[in-house]
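Working notes, beginning with the structure itself.
There are 2 protein chains.
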Amino acid sequence: MIELRPIGMVHSPVKKRGQMPKEGVGALVEVFPGFADGLLQIEKRTHLWILGWIDGGERDLLQVTNHGKMEPHGVFAVRSPARPNPIGLTLVRVVAIDGRNISVAGLDFLDETPVIDIKPFMPSRDVIPDSNG
Amino acid sequence: MIELRPIGMVHSPVKKRGQMPKEGVGALVEVFPGFADGLLQIEKRTHLWILGWIDGGERDLLQVTNHGKMEPHGVFAVRSPARPNPIGLTLVRVVAIDGRNISVAGLDFLDETPVIDIKPFMPSRDVIPDSNG
Numbered sequence: 806m807i808e809l810r811p812i813g814m815v816h817s818p819v820k821k822r823g824q825m826p827k828e829g830v831g832a833l834v835e836v837f838p839g840f841a842d843g844l845l846q847i848e849k850r851t852h853l854w855i856l857g858w859i860d861g862g863e864r865d866l867l868q869v870t871n872h873g874k875m876e877p878h879g880v881f882a883v884r885s886p887a888r889p890n891p892i893g894l895t896l897v898r899v900v901a902i903d904g905r906n907i908s909v910a911g912l913d914f915l916d917e918t919p920v921i922d923i924k925p926f927m928p929s930r931d932v933i934p935d936s937n938g
Numbered sequence: 806m807i808e809l810r811p812i813g814m815v816h817s818p819v820k821k822r823g824q825m826p827k828e829g830v831g832a833l834v835e836v837f838p839g840f841a842d843g844l845l846q847i848e849k850r851t852h853l854w855i856l857g858w859i860d861g862g863e864r865d866l867l868q869v870t871n872h873g874k875m876e877p878h879g880v881f882a883v884r885s886p887a888r889p890n891p892i893g894l895t896l897v898r899v900v901a902i903d904g905r906n907i908s909v910a911g912l913d914f915l916d917e918t919p920v921i922d923i924k925p926f927m928p929s930r931d932v933i934p935d936s937n938g
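Line order of the protein sequences matches chains A and R.
Numbering-wise, the numbering used here puts 844 at position 39 of the first sequence, and it's gapless, one number per residue.
Numbering-wise, the numbering used here puts 854 at position 49 of the second sequence, and it's gapless, one number per residue.
In structure tokens, the structure reads:
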């Protein structure tokens, strides 16, 4: 079994999944004091991947229909929060950094979502050269 | 504490980190039989995010220098495998799918890396409209 430690917490105005706009919202990513040293030079980055623990989905569900709105898809073929390891992945724009608090745009995690990792967006790794459409 | 279950395993010709090309290599992502139902309709997807458990880095290290080659950076400002929760994130192209085995191009995980999630690449979520450079 693999164990994770939350490194921070999301503070968002959105507290229920049904209220989250598709494009996410402005939110604060708070990094806990014990992990603050990991932020050195993060101000160089304009966009970040935020990895959150989006528990609350069903971990044993392997196929979903989006409430009957689509034909069944395996959870690995969609971005549903229902998945064996409910890790959410959201690309955000950095708006401002104040110590351990990163203000971001476009985050689709609910208020109080545990943050498990922050990674810089890197075009050399994260962009498909031949197809962005 | 958050617990993860491996859902699959990487089979790669590369067994040591120093031998991994920057752009990754062709590799096989094997999904374990208990999670195979999660692959339904994955053949619709051309590019996937593979999330791997890249343990072997130092989980208590919060700043790195890339073996002295750069000034210190916090681990959240770089893509180093040293991080509190060593989750690796790689964008790959799907080459072929054979049952539970997904042949991919561009994977930078070593042989026998546990796979913890597979997500479809979705331009609507994963592309920065104003800056890919």
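Ideal Cβ placement from N, Cα and C applies to all residues, glycine included.
All figures in this text were calculated on a predicted structure; none of them were measured in a lab.
Query: Min CB distance L896/R to chain A below 8 Å; Result: yes
Query: Contact belief for L896/A with R930/R at Cβ below 8 Å, rounded distance in angstroms; Result: 7 Å
Query: Closer than 9 Å at the beta carbon, the chain A residues around V900/R; Result: Chain A residues near V900/R: none, gap ~14 Å exceeds 9 Å.
Query: V815/A vs A841/A beta-carbon contact at 8 Å; Result: no
Query: Beta-carbon neighbours of V880/R, restricted to chain A and to distances below 8 Å; Result: G843
Query: Extent of the continuous beta strand (DSSP E) run through D842/A; Result: Neither: D842/A is in no beta strand (DSSP E) and is coded neither H nor E.
Query: The segment 808–824 of chain R: positions lying closer than 8 Å to chain A by Cβ; Result: E808, L809, R810, P811, I812
Query: Ordered list of alpha helix (DSSP H) runs contained in the segment 845–895 of chain A, each at least 4 residues; Result: none
Query: Whole-angstrom distance between P886/A and H878/A, CA atom to CA atom; Result: 13 Å
Query: Residues near P838/R in its chain [Cβ-Cβ closer than 8 Å; skip 5 each side]; Result: R905
Query: Contacts of D922/R in chain A (Cβ-Cβ under 8 Å); Result: F881, R888, P889, N890, I892
Query: Close beta carbons around G857/A, own chain, < 6 Å, minus the five adjacent residues each side; Result: G893, F914, T918, V920
Query: Distance between beta carbons of V880/A and L867/A, contact taken as under 8 Å; Result: 6 Å
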